[in-house]
Amino acid sequence: MGFLKGLRSRFGRGRKTVEDEADAEEHLPRISLDDSLGSPDPEVRIHAIHAISEIGAAAVPLLIDALRDESWRVRRAAASGLGKIGEPAIQPMIKAFEGARTDVRRELIRALGIAGDRAFPSLAAALDDPDSGIRSGAVSAIALTKAGNRGDALQKALHDPDPGVRAAAAAAFGYLPGEQAMPVLKNLLSDPVEEVRTAAVSAAIRIGKPAVPPLLAQLPETDPAFRESVEQALIGIGTAGRSDVVTLLRHQDPAIRESGVRILGGIGDLNTVSHLIGALADPDPEVRNCTIAALTGFGKAALPEVTAAFENDNPRIREGAMEILAGMGDPAVPTMITYLSHDDPVMKKRAAVVLGEIGNYEAHEPLTDLIHDSDPGVRRVAFEALEQIKRR
650 MGFLKGLRSR FGRGRKTVED EADAEEHLPR ISLDDSLGSP DPEVRIHAIH AISEIGAAAV
710 PLLIDALRDE SWRVRRAAAS GLGKIGEPAI QPMIKAFEGA RTDVRRELIR ALGIAGDRAF
770 PSLAAALDDP DSGIRSGAVS AIALTKAGNR GDALQKALHD PDPGVRAAAA AAFGYLPGEQ
830 AMPVLKNLLS DPVEEVRTAA VSAAIRIGKP AVPPLLAQLP ETDPAFRESV EQALIGIGTA
890 GRSDVVTLLR HQDPAIRESG VRILGGIGDL NTVSHLIGAL ADPDPEVRNC TIAALTGFGK
950 AALPEVTAAF ENDNPRIREG AMEILAGMGD PAVPTMITYL SHDDPVMKKR AAVVLGEIGN
1010 YEAHEPLTDL IHDSDPGVRR VAFEALEQIK RR
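The opening position of the sequence shown corresponds to residue 650 in the working numbering, with each subsequent residue numbered one higher.
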């Protein structure tokens, strides 16, 4: 007899009457001791969970218990089974949020999401539960339903006295359409509680490109924590917002230009390197310093464009490029060594300065050769660079 048939022989065909389900529930402790459920092989336990799920409401307590299994695959199978059972499993699942582990909560949320709109009334009612763990779990599950009024329920949760519940509500807005979510999220980005701000950032990232214009419009706010949250959201959205962020480099406010540089550096898209090179000429020293840090963060990948900037006619761009190359370290050494043979003494001196700052011994011999250069300024800079290397 197969495993499923064996179970059905214990329970009958399952769902004919309430009495049948009650009788089945009386036998549930025997199922939990079944060899298949106690098997060390997760595949066997998963097979058992799939079979037990067909019993219906009587299997709910056992499936909730299986959410604590050490295997995520068994937990996932149990969550799927609970979601498919639907209505009879909803209230027990909501109650199971109380004191649940993070991984168990994750599967409960998933199961309630599978149950869908059928779960919404009970989840909305759970927002008044005295246990904050239940309330926050209900909020996260509401986000996965398609109920038309889920936005109202999430708005209610934003006024919860517990910051964890409010953070869950902030994160949940990421599952709503951008035009519905962003008016709320832009306020949450300046919430006094860091947990809520972080959740709002995650929600904006989930929304993606539609969130970019509203986020950019918020950057002129002066609150540092708020601006940092907006920057993190735009970095998380990534290349989808790249072209919009580039426009910040031309903003009249240097603080906004600096934000644009930080965001582009955080995104790390090589297509923006040329724009950042241009920002090295910014009249504001803080913007230039921020740009140097951003371009240094690209590392070797930005070396060709930074090297080209090394020869730029603009002194600010040249100086910035030299500092970036020095900050890159060893990857810049071979390129800088080639400049020691340049026809222009000025280029030789710049390269020697960078090599001295890097301090890699690979440059020792070519710098030694440069001590015999016909230009006294080149000889002096080469000597100073060698002294720096010796001190390393």
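Beta carbons: idealized from backbone N, C-alpha and C, even for Gly.
Just so it is clear, the structure is predicted and the values come from calculations on it, not from any experiment.
query, result
"Cβ separation of residue 851 and residue 827, assumed to be a contact under 8 angstroms, to the nearest whole Å", "Their Cβ separation, rounded to whole angstroms, is 14 angstroms, which puts residue 851 and residue 827 out of contact at 8 angstroms."
"C-alpha distance - residue 906 paired with residue 929, whole-angstrom precision", "12 angstroms"
"Distance between beta carbons of residue 911 and residue 954, contact taken as under 8 angstroms", "With 8 angstroms as the limit, residue 954 and residue 911 do not qualify as a contact, their Cβ atoms being about 19 angstroms apart."
"Residue 795, DSSP secondary structure in three states", "coil"
"Secondary structure, alpha helix (DSSP H): runs of 4+ residues fully inside the segment 856-893", "861-867 and 873-886"
"Continuous alpha helix (DSSP H) stretch holding residue 900: start and end", "Looking at the DSSP string, residue 900 is not in any alpha helix (DSSP H), and its letter there is neither H nor E."
"Whole-Å CB distance - residue 821 paired with residue 783, under 8 angstroms assumed", "Wrong, their Cβ atoms sit about 15 angstroms apart, outside the cutoff."
"First and last residue of the uninterrupted alpha helix (DSSP H) at residue 690", "Where residue 690 is concerned, there is no enclosing alpha helix (DSSP H), given that its DSSP letter is neither H nor E."
"Residue 1005, buried or exposed, once every other Cβ within 10 Å from all chains shown has been counted against 16", "buried"
"Cβ pair residue 961, residue 970 closer than 8 angstroms", "yes"
"Sub-8 angstroms separation of residue 796 and residue 776 beta-carbons", "no"
"Every unbroken alpha helix (DSSP H) inside the segment 941-1026 [4 residues or more]", "952-958, 964-977, 982-988, 994-1007 and 1013-1019"
"C-alpha gap between residue 714 and residue 842, whole angstroms", "34 angstroms"
"Inter-residue Cα distance where the pair is residue 866 and residue 810", "30 angstroms"
"Distance CB(residue 1012)-CB(residue 1038) smaller than 8 angstroms", "yes"
"Residue 844 beta carbon less than 8 angstroms from that of residue 885", "no"
"Rounded distance between the beta-carbons of residue 734 and residue 771, thought under 8 angstroms", "That belief does not hold up - the Cβ atoms of residue 771 and residue 734 are roughly 14 angstroms apart, past 8 angstroms."
"Helix, strand or coil at residue 748 [DSSP, three-state]", "coil"
"Helix, strand or coil at residue 803 [DSSP, three-state]", "helix"
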